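This report refers to the structure that appears directly beneath it.
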Amino acid sequence: MRNAIIFLFLLFVTSVFSQDTGYNVSSYLTAGTKAPKTHYIGEAWLNAIIHDDAELGYNITTATFKANSTLDWHKHSSAQVLIIVAGEAYYQEKGNAPIILKEGDVIKCVKDVEHWHSSTKTSDVTYLALYGGDQPTTWTEVVTQEYYDEVALKLKKQ
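Using our numbering, the letters of the sequence shown correspond one by one to residues 316 to 473.
What follows is the structure, encoded as structure tokens:
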């Protein structure tokens, strides 16, 4: 009888602490959904962690690009921050040389500055993108496979 009482007590305590608390919890580790084939080459997944939150005033999205995948040139109506959480990426702003970003790197994409970012030729990349939610991304120019390959070759030699 004593064991039955202890068991029921533990069952009760466990159920109390495992109930839905009403918190809205999401994870940047979730891959998300495959992105539609627009404005990029390769394979990409997007996970809108926080989107259109009026109280915060910004969005947080996890993006994962398979190796040899790139976004086109684009700009944002507000600053964007990229936090590389896994893998390696290429990043370039219009008029500047491309660079390699690695896991742990954080870069600010300045408002209205054209740029592109991607995975590298040999590494997938996952990053968190933090950005304002007022206006959609403005796509400006295609990053061709040839240009992407030239950047990859140039950065490999450095």
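Just so you know, even glycine gets a beta-carbon here, dropped at the ideal spot from N, CA and C.
Predicted, not measured: the structure shown is a model, and the values here were computed from it.
Would residue i pass as a contact of residue j if the rule is Cβ separation under 8 Å?
{"i": "K349", "j": "A382", "result": "no"}
{"i": "Y442", "j": "L397", "result": "yes"}
{"i": "H389", "j": "T336", "result": "no"}
{"i": "T455", "j": "E418", "result": "no"}
{"i": "E403", "j": "I415", "result": "yes"}
{"i": "S384", "j": "A359", "result": "yes"}
Buried or exposed, going by whether 16 or more other CB atoms sit within 10 Å of the CB of residue i?
{"i": "N411", "result": "exposed"}
{"i": "H432", "result": "buried"}
{"i": "V425", "result": "exposed"}
{"i": "N362", "result": "buried"}
Tell me the DSSP secondary structure of residue i in three-state form.
{"i": "V440", "result": "strand"}
{"i": "N383", "result": "coil"}
{"i": "Q473", "result": "coil"}
{"i": "A467", "result": "helix"}
Please return the same chain residues whose Cβ sits closer than 7 Å to the Cβ of residue i, not counting the five positions on each side in sequence.
{"i": "Y446", "result": "Y373, N374, H391, S393 and Q395"}
{"i": "I365", "result": "L371, N374 and I375"}
Let me check one thing: in DSSP terms, what residues is residue i bridge-paired to?
{"i": "V396", "result": "K423 and L445"}
{"i": "I356", "result": "T385"}
{"i": "G402", "result": "V440"}
Just to confirm my understanding: we take residue i, look at its own chain, exclude 5 residues before and 5 after, and list those with CB closer than 8 Å. What are they?
{"i": "D387", "result": "H354, Y355, W431, W454, T455, E456, V457 and V458"}
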